[in-house]
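In our numbering, the protein residues as written are 178 to 249. Note that beta-carbon positions come from the ideal geometry of N, C-alpha and C, so glycine has one too. Structure record follows, encoded as structure tokens.
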Amino acid sequence: GASDIKLKKNIKKVGKSNNGINIYEFDYKDKKYGEGRYRGVMAQEVPWASVRTNEYLGVDYSKIDVNFERIS
């Protein structure tokens with residue numbers, strides 16, 4: 178998914194995973210990445226799970242103990 182902090186706005190830290198990864202809720206600045214509110218991580222904070230897609234970072238969520246989800 179598009180998990181680069183540069184793509185997000187209205188970012189709010191809502192917790193930590195069992196492995197200590199910060200969990201956030203956010204909106205995408207550009208609706209082409211999704212509409213509504215989401216919960217997930219910032220790619221810059223999980224370099225071992227980050228993958229570069231064009232100019233932005235994404236996250237391979239299978240490598241971390243956080244789920245990416247649309248919450249509203």
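Given this structure, state the Cα-to-Cα distance separating residue i from residue j, to the nearest angstrom.
i    : j    : result
K195 : K186 : For the record, residue 195 in the displayed sequence is Asn; it is not Lys. Their Cα atoms are separated by approximately 25 Å.
Y201 : A179 : 14 Å
A226 : G213 : 24 Å
R229 : K189 : 24 Å
D237 : G217 : 11 Å
V243 : I198 : 8 Å
I241 : K206 : 24 Å
S249 : Y233 : 24 Å
M250 : F203 : Residue 250 cannot be examined here, being either before or after the span of the chain that is shown, 178 to 249.
Can you pull the DSSP bridge partners for residue i?
i    : result
A179 : G235
K190 : Y201
Beta strand (DSSP E) containing residue i: first to last residue?
i    : result
S227 : S227 to T230
G217 : R214 to G217
Select from the options the residue whose C-alpha is nearest the C-alpha of residue i.
i    : options             : result
I182 : G192, S249 and Q221 : Q221
E246 : D204, V223 and Y215 : Y215
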